[in-house]
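*Asks:*
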DNA sequence: ATAATTATTTAACAAATGTTAAACTATTAT
DNA sequence: ATAATAGTTTAACATTTGTTAAATAATTAT
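Chains as they are written, first to last, in the numbering used here: chain A, 434 to 627; chain B, 434 to 627.
1) List, from N- to C-terminal side, the beta strand (DSSP E) runs of 3 residues or more that fit wholly inside the segment 474-554 of chain B.
2) Once you ignore the five residues that flank residue 472/B on each side, which residues in its own chain have a CB closer than 7 Å to its CB?
3) Would you give the residue range spanned by the beta strand (DSSP E) that residue 454/B belongs to?
4) Taking the continuous alpha helix (DSSP H) assigned at residue 443/B, which residues delimit it?
5) List the whole-angstrom C-beta distance separating residue 550/A from residue 444/A, where the pair is believed to meet the contact cut-off of C-beta under 8 Å.
6) I believe residue 491/B touches residue 535/B by the beta-carbon criterion, under 8 Å. Please report the beta-carbon distance rounded to the nearest angstrom.
7) Where DSSP assigns a beta bridge to residue 599/A, which residues make up the other side?
8) Round the Cβ separation of residue 541/B and residue 484/B to the nearest angstrom and send it over; I've been treating them as touching at under 8 Å.
9) Tell me, which residues are paired with residue 663/B by DSSP?
10) Taking residue 394/A and residue 581/B to be in contact with their CB atoms under 8 Å, please state how far apart those CB atoms are, rounded to whole angstroms.
11) From this set, 455/B, 552/B, 508/B, 468/B, which residue's C-alpha is nearest residue 599/B's C-alpha?
12) Quick check: is the beta carbon of residue 572/B nearer than 8 Å to any beta carbon in chain A?
13) Within the same chain, show all residues whose beta-carbon is closer than 7 Å to that of residue 513/B, passing over the 5 residues directly before and after it, in chain order.
14) Against chain B, does residue 475/A count as a neighbour if the rule is that its beta carbon must be under 8 Å from one of theirs?
15) Along chain A, which residues have their Cβ under 9 Å away from the Cβ of residue 587/B?
16) Would you mind stating whether residue 520/B and residue 481/B have Cβ atoms separated by less than 8 Å?
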């Protein structure tokens, strides 16, 4: 295993829980690096999600079909975790699809291996809890923004927080993420130009 | 400690992780029952959230101020967990306020006690992780509904899922929860009457 | 290099939701 | 019982976003 490739993920992990060498090695033994080309699918509809990914490079999107249309619910920022969680936790077929918006390098771990890691090292379970807590808080922040902010404010904040994302991700997906139609986003962008 | 009062919470807990007698007793020793009257505050703005609550009776709401106005982001259904999570996890002053919509009976545990429970019994930490996973999934579902559904659909679904809530909770809070203004909700309700 | 495909913009009109202000109804306190 | 307060509805008009359809721009495949 090339250790350099794990630099980002280890840096990320250490923000939450302080691991000993052996605990990190136990994790390293179980991870698998996956490279996806643009539009490749990480988790298919109907699959049971059995891997969780850390996006070391590139952007993933989480989407599902609604009235025959693709709706992008999430665009994962760089260096974050992604899986189809409802499927992953309950081991039921996934209605969510995860695919690569750009070429991606994913650091992944299998669910069973993760469970065993949790069993063997309570600190890993603590890490799992902390991560999901962060994800929940971020998710609540997004609900807050749907309730109180206009689409324009949501767009401006996204632009500020993830300027690269706007550059690398088709606006269709950004529009879905913001909860508006592509044409409305386009109109909104124009009104900001002046 | 009156064991009957814990019936609901234990039933709820057992859905997620199967606990042994001693593990449940360890928990029971640490909980505190809190009774709130309507409009009493469970977590104040600026407080560091140090308790998490299970709503054994009644409804809580989570709100914050935006441009001097109260915005209700969450109404906690019966038999669910609530705390000001951003404050609780990072021990920083809370911008979120939690108060009682109706008279409430809360089964609560102090954060330090909870941490010690996690330390002593990895199964409790597992429970903590599972619960927050569920909460995250529910939160994602709500984002999905903001993206794809109209306010009318969101209202109808809420009505179906929590008919009691509509009866017991002022429409102002419901409207916030749905992401629309009280007057819009009122108009919408009228249009459904026919 | 060119054609085909994908992404983005534009515009006119429709629908949904917000804003302001007032009236009405129900609940709570004295 | 009555006054005060809190909750809900109504309505007219404003603003935002959606819808449909087409044009333009950028990217990708041959």
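Cβ atoms here follow ideal geometry from the backbone N, Cα and C, with glycine treated the same way. For clarity, every value in this text was computed on a predicted model and none was experimentally measured.
*Replies:* From the atom records:
1) Counting only runs of 3 or more, we get 474-476, 484-490, 493-499, 502-509, 530-533, 537-543.
2) Closer than 7 Å at Cβ, skipping near neighbours: 532, 533.
3) Taken as a continuous stretch (DSSP letters only), residue 454/B belongs to no beta strand (DSSP E), being part of the alpha helix (DSSP H) at 454-463.
4) Counting along the chain, residue 443/B sits inside the alpha helix (DSSP H) bounded by residues 440-447.
5) Actually they are not in contact, since the Cβ atoms of residue 550/A and residue 444/A sit about 19 Å apart, beyond 8 Å.
6) Residue 491/B to residue 535/B, Cβ: 4 Å. Contact.
7) Residue pairing from DSSP leaves residue 599/A without any beta-bridge partner.
8) Rounded to whole angstroms, the Cβ separation of residue 541/B and residue 484/B is 5 Å, and the two are in contact under 8 Å.
9) Only positions 434 to 627 of chain B appear in the structure, and residue 663/B is not among them; the question remains open.
10) Only positions 434 to 627 of chain A appear in the structure, and residue 394/A is not among them; the question remains open.
11) Of 455/B, 552/B, 508/B, 468/B, the residue nearest in Cα terms is 508/B.
12) Yes, residue 572/B counts as interfacial toward chain A.
13) Around residue 513/B: 488.
14) Taking CB atoms only, residue 475/A has no neighbour in chain B less than 8 Å away.
15) Near residue 587/B there are no residues of chain A at all, since even the closest Cβ is about 11 Å away, more than 9 Å.
16) With contacts defined by Cβ atoms closer than 8 Å, residue 520/B and residue 481/B form a contacting pair.
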